[in-house]
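What the sequence shown shows, in mature numbering (1 follows the signal peptide of the UniProt record, and there is no 0), is residues -19 to -1, 1 to 544, in sequence order. For glycine and all other residues, C-beta sits at the position ideal for the given N, C-alpha and C. Bear in mind that the values here come from a model prediction, so they are computed numbers and not experimental data.
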Amino acid sequence: MRAAVLGFYMLLAPTVALGQVGGNASEAVAATSGVQVQSTVTPAVIKDGLAPVTPSNTRRDPMTGAIDVFLLPEPGREDLPVIDPNNTRPEAGLLRRIDAAGNAAGLSQVLYDNRDRGHSDLQEMAFPQVSRTRYDEAFTSRMQHNGVAGQFMFSLPTIGNSSTALTRTPIARSLGRLALGDQASALRSYRLYTSNQMYVYPEHRDYDADTGDRLFASAPYFMLSQGSSYRDQPFVEALLLTTAALQPATFDRLVDLKLLAPTLQMILRRTLAGVRNDTDYVSPRAHPPVFHSNQLRHGAAVGFANSITPDTIPPMVQISMVSDFKARPAVDYLPGNIGEVLFTTPSAVARAWRSFDHTRRITVSAAKTEDPNNRPLQFHWAVLQGDPEKIQITPQDGSGTVADIDIKWHDRFALSSTNPMTSPRVDIAVFADNGAHISAPAMISILFPTFQERDYRPNPDGELELHSLGYAPTRPEDPYADPLIWPVEDWRDQIRRNQEGEIVSVTRTWTKTGRVQELQRVPLGWLTTDEQGRPVTQQFLAAQGSKGALSLEARVIGSVSDQ
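The following block contains the structure:
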C-alpha cells in the first residue's frame, strides 16, 4: 500500500524535481523504456573510462523488470594509478605499496554509478582506474538514471550513490526507506547486494536528533550515511578504497561468488572506530542503522581487506522464518486489509507489530547459509537495537543455526545511555562465523506503533493485556507514525474483555471532539449505531488518500434495513 507515483528531489534543493519512481513504477517504466527483451546482447566495451548504458547493450529482464547492462572492462585501465597521485593520506600510501607489490586488485574492472545527476559526484581523479556509467538519452529522458538504485543491474562490480530523497509531504522519506518500501523494492535491493553492487544514500531527516529514528527496517543491502547531500561521498570513497585493496585472487573469487557487497559491508563494519575485536563486531557498536563518516578507519579497512584470502571469504547469511507472527487482520488488530509483513528477503526481514498482544514469538533459521569453502559455521545472534530485557533469543542447537526469539511490546526507547535519540524499532542480527571471519549480518526488524500510546494492564492471571490505545498522534511532539505503514484516525479505544480474555466491546472516543461511540464485537465485524441511531455492522480498513497517506476507514457491511 503506497503512493502510485513518488517524486524525487535533490537534497538541499527541494524545489528542483529530478525524477519519479514509486511502488512498482520503476518496473513499469522499464517495461516502456524501449529496452527489448532479447535472447542475446552484445556487451559494450568501456572507452576512456566511460561505461555506456544504451538500448544496444541492455536487456530487460521479463521476470524482474530490471534492465541488465552488459559491459566489458577497458583494456589497459589497470596501468593507471590505483588512487589519486596527489592523495597524501596514510591509507593512500598503504594502498600504493600493496599495489606496487602486485597484491592489490585495483579498480580497472569496477564501475562508479552516480544516481543524482552529478549532484554528489566522485571526484574525477580520486580513483583513476574506476569507470563511470554514462546513461543514454533513452534513459535520462525518463529520469531512470536518478534516485534509488535497482532499475539497472550491471555486469561489472559497482559502487554508487544518490544524494536524493523524497521531500513531498506527507510521505517524505530518504532513499533508505524507499529502497525497502515494499516487497518488490526490498527484493531489488537484495538483487543488487547479491550482484556485486553496493550503494550509499544519505539518511536525510530519517535519523536525526530532532526527528528521531524514522527508519522502519535495517538491511545490509546498502549503506546509509548521516546527514544530507554530499555526506555519502566518504563512504563511496571508503568502499572503492577497500575494493581496490583486496587481493586479486580474492577479488576474482568474490565477484564469481557474488559476495563482493557482503564482504565490503563486513570489512567496513569490522574496522569502524571503537570496534576492537570480534566481540565488539557482533554487538550494536559495529552495526548502527546509519553511519557517520568519523567512524571510518580507512587504513584499517585497507589492511583488513588485503588480509582476506580466497579460502577465508566469509559467507552471506541467509535466513528464513520457521515461525512467524500469526496475528489475524480484523481480529487481532483493527484493520482487515493490511498485514504485518513489510518484506521478506533472504538476508533481511521486517515486520510491523499491529497485533494487540503484549508478547510474541518468532523462530528464525539460518540453515540455508553456505560457506564458500565448506567450512563449518557457528552462528551468533545479537540485539542491535531494542530493550534487552524485553527480548530473549534462544538458539535451538549448539551451532545457533535456528533461534526462538521472544519479544515484548516496546514503547519508544532511547538508543543508548549515550545517545538519547529515540526509536520505535527493534533490530536483531545473525552472523555466520567460519572460523576465519565473521560475516556481515542478516537483519530482523520489528517496527512498533509507539504513537498509539498503548496501555497494557495485568489480567487476573498476571498476564499483560491491552486496555486502551489511540490511532493517531494527537500532539506535534508525539512519536512519528509512518503514513505508508500505519493507518491513522482521530480515535482512542478502551477495550473490554470477557473472562476468557477475548475482546467483546470497545468504547471509542474522538480525541478532538469528545464524541463517544460503543462498538460490540460480532462475527462479521463491529456492531454499533449510525448517526440516526440505527444498528449497523462495520468493518475497518486501511485506505490510501490522494497524497499517499493511510487512514482508517469504517465501512458498513450490514444494517437492520438489510434484514
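Residue state for PHE337 is assigned as coil, using DSSP reduced to three classes.
Three or more pairs of CB atoms, one per stretch, sit closer than 8 Å, so the segment 460 to 478 contacts the segment 486 to 502.
In this structure, GLN132 keeps its C-beta atom at 8 Å or more from the C-beta atom of PHE324.
Distance from VAL298 to ALA348 at the Cβ level is roughly 11 Å; contact not present, criterion being Cβ atoms closer than 8 Å. The beta carbons of LYS239 and THR175 sit about 5 Å from each other, so the pair counts as a contact at 8 Å. Contact annotation: the segment 383 to 398 touches the segment 354 to 374, with at least three C-beta pairs closer than 8 Å. Under the DSSP definition of a beta bridge, PRO310 partners with TYR314. Contact between the segment 289 to 303 and the segment 343 to 363 is present, with at least three C-beta pairs closer than 8 Å. For ASN67, no alpha helix (DSSP H) run applies, since DSSP gives it neither H nor E. Between the segment 243 to 259 and the segment 305 to 320, the count of C-beta pairs closer than 8 Å stays below three; the two stretches do not touch. About 19 Å separates the beta carbons of SER101 and ALA32, which is beyond the 8 Å limit, so they are not a contact pair. Under the DSSP assignment, ARG438 falls outside any alpha helix (DSSP H), being part of the beta strand (DSSP E) whose first and last residues are 436 to 439. PHE412 and ALA107 have their alpha carbons spaced roughly 33 Å apart. Given a length threshold of 3 residues, each whole run of the beta strand (DSSP E) inside the segment 272 to 306 is given here in chain order: 301 to 304. If you draw a straight line from the Cα of PRO468 to the Cα of ASN177, it comes to about 37 Å.
Sequence-distant partners of TYR171 (beyond 5 residues in either direction) whose C-beta falls short of 7 Å from its own C-beta, in its chain, are TYR202, THR326, PRO327, SER328. Under the 8 Å Cβ criterion, the segment 148 to 156 does not count as touching the segment 111 to 127, having fewer than three qualifying pairs. Check the Cα spacing between PRO183 and each of GLN480, ASP97, ILE409: the tightest is with ASP97. Contact check between the segment 393 to 403 and the segment 181 to 201: three or more CB pairs, one atom from each, fall below 8 Å, which counts as touching.
Excluding sequence positions up to five before and after VAL217, its CB lies within less than 7 Å of the CB of LEU103, ILE140, ASN142, VAL181, all in the same chain and listed in chain order. In this structure, LEU253 lies near ALA267, with their beta-carbon atoms less than 8 Å apart. By a beta-carbon distance limit of 8 Å, ALA230 does not contact LEU76. Their separation comes to about 17 Å. Pairing ASP408 with LEU365 gives a Cβ-Cβ distance under 8 Å. Put simply, the backbone Cα of ASP305 is about 12 Å away from that of GLY320. By the neighbour-count criterion, in which a residue is buried when 16 or more other Cβ atoms sit within 10 angstroms of its Cβ, ILE79 is buried. DSSP places THR492 outside both helix and strand once states are collapsed to three, so it counts as coil.
Here HIS126 is not bridged, per DSSP, to any residue.
Between the alpha carbons of ASN67 and ASN275 lies a distance of about 22 Å.
In this structure ILE27 is not in contact with LEU61, their Cβ atoms being roughly 13 Å apart against a cut-off of 8 Å.
Per DSSP, reduced to three states, the secondary structure at VAL345 is strand.
Rounded to the nearest whole angstrom, the CA to CA distance from GLN125 to PHE337 is 42 Å.
Classified as exposed, THR494 has fewer than 16 neighbouring CB atoms from the shown chains inside 10 Å of its CB. Within the DSSP secondary-structure output, HIS361 pairs in a beta bridge with PHE412.
Restricted to the segment 76 to 137, the alpha helix (DSSP H) segments that are unbroken, complete and at least 4 residues in length are 118 to 121, listed in chain order.
Within the same chain, TRP334, HIS391, PRO405 come within 6 Å of PHE429 by CB-CB distance, once the 5 residues on both sides are set aside. For PRO291, the CB contacts under 7 Å within the same chain, skipping 5 residues up- and downstream, are ALA230, THR231, ARG234 in chain order.
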